[in-house]
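This report concerns only the one structure given below.
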Amino acid sequence: MNETNGFVKNGTEIKNVFDFLSSKSSHEFYETVYDFLKQTGKQLPEDQAFYTFDLADILWKTQLWNQKLSNVTPYYAVKANADPVLMKLFVLLGYGFDCSTEGEIRLAIKSGADPRKIIFAHTIKTRKALRYASSIGADLMTFDSKEELFKISEEFPTARLILRLKAEGGQEVYNLSKKFGSDLSAAEELLLQAKELNLNMVGVSFHVGGLCENSNVYTSAIEKSRLVFEAAQKYGFKFTIMDIGAGFFGSTEKEYIFRKVSQDIKKSLEGNFPNGDVEFIAEPGCYCVGSAVSLTTSILGKKSVHQKETNQISREYFVSDSFYGSFFEHHDMYDVKPVPVLVSFLIVFTIISAEMGFRKTEKRIVLIPNL
């Protein structure tokens, strides 16, 4: 990499990271990957599973984000997938990082992240983590209580603070407002406390919860945030950051939801903060990586089960995918598709051709029968 942050390929400088990496995603590339999966699957022990990343999918998500939310800087939520290769890719692509723990901050720094582009986005932090953040200059962080303000004033009094508000919606899969965020009615009390402690408040954040389809939840939270911006002026604060959190779908088949929601978000941000003096950021996680990962695992066993309700026979397949399990309760919302790869190469390749052309990628379970 040279001083212009570009690459040199065959003697020709390529300054655009997206163009360089997406050029790797040809039809032949995918064919080679699945040939690799077949051969590797045969060589590994039957209970050994592994993942394959589709970096081109992440590049597409980045390009789509830049098209639809060009005024919002993404801070990748490390908790979604902390693989070191992905972390370094996000650094190259100019992302900031949303970290919830000291360990995640350390990983971001190790990956090459700028400490000033890290947001410590957990409203309850350990004193040890605050001291570490202070030592490296990762000074942007959220809070939602007086107790946290007292702790920050003792451990990191120069931190840039963002007040996290509740975002009430009711249509998200995960409602984070039950656990995090301050009510709007308590905002002025927290502003006053921060003023008395001589702390540096710089903005507002919210998180609508996981997998939210209703853009009204975002726009309502943005309007509430503007009220806090206005109230902050009475206490001498000049807010400059609006953090809209995340909750965006990472599934290709639900990409239309992101397109609609992002349009409404952008319009709301521009309408509520028209002067251009506020920096907009977000914390996408599953949006970035939810459709970029394929799991290759073996079928350890299967059984036929008679369903009394329908009088039909269903088949259950048992796989060894990881110690903790690779799929959470709502994995069906991420369009997981099983694709057998060692039954017939011709059949497999037909399935892959239909699903894996550039931007046809989904999160898949690649099943290897225990032959």
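With our numbering applied, the sequence shown corresponds to residues 383 to 753, in that order. Just so it is clear, CB atoms sit at the ideal spot from N, CA and C, and this is done for glycine as well. Since the model is a prediction, treat every value here as computed from it, not as a measurement.
Do three or more CB pairs link the region 600-610 to the region 572-590 at distances below 8 Å? yes
Where does the unbroken beta strand (DSSP E) through PHE588 begin, and where does it stop? 582-588
Would you call the CB atoms of GLY592 and GLY629 closer than 8 Å? yes
Any idea if ALA736 is buried or exposed, counting beta-carbon neighbours within 10 angstroms, 16 or more meaning buried? Low per-residue confidence applies at ALA736: pLDDT is 29, beneath 50, and the placement is therefore not dependable enough to give any value.
Cβ pair count under 8 Å reaching 3, the region 493-512 against the region 672-689: no
Just to confirm the assignment, what range does the alpha helix (DSSP H) spanning GLN615 have? 597-615
What is the residue span of the alpha helix (DSSP H) that PRO456 lies within? First-last for PRO456: 454-459, but that is the beta strand (DSSP E), not the alpha helix (DSSP H).
Jot down the residue ranges of each uninterrupted beta strand (DSSP E) in the region 456-516, minimum 3 residues, whole runs only, in chain order. 478-481 and 500-502
Apart from the five residues on each side of it in sequence, which residues of its chain come closer than 6 Å, Cβ to Cβ, to MET583? LEU543, ALA576 and PHE619
Quick one, which of VAL454, CYS481 and LYS649 has its alpha-carbon nearest LYS461's? CYS481
My output table needs one value for LYS548: the three-state DSSP class, helix, strand or coil. coil
Assumed close pair PHE479, ILE500 - CB separation to whole angstroms, cut-off 8 Å: Rounded, the Cβ-Cβ distance is 5 Å, consistent with contact.
Does the pairing of the region 652-660 with the region 430-446 give three or more beta-carbon distances under 8 Å? no
Quick one: residues in its chain with C-beta nearer than 8 Å to the C-beta of LYS642, no 5 flanking neighbours on either side, listed in chain order? SER597
Below 8 Å between beta carbons: does that hold for THR483 and PHE662? no
Could you name the residues of the same chain whose beta carbon sits closer than 7 Å to that of GLN421, not counting the 5 residues immediately before and after it, in chain order? none
Do you know offhand how far GLU529's Cα is from PRO720's? 48 Å
What is the C-beta distance between VAL467 and PHE418, in whole angstroms, given that I count them as a contact (C-beta under 8 Å)? Not confirmed; about 16 Å, so no contact.
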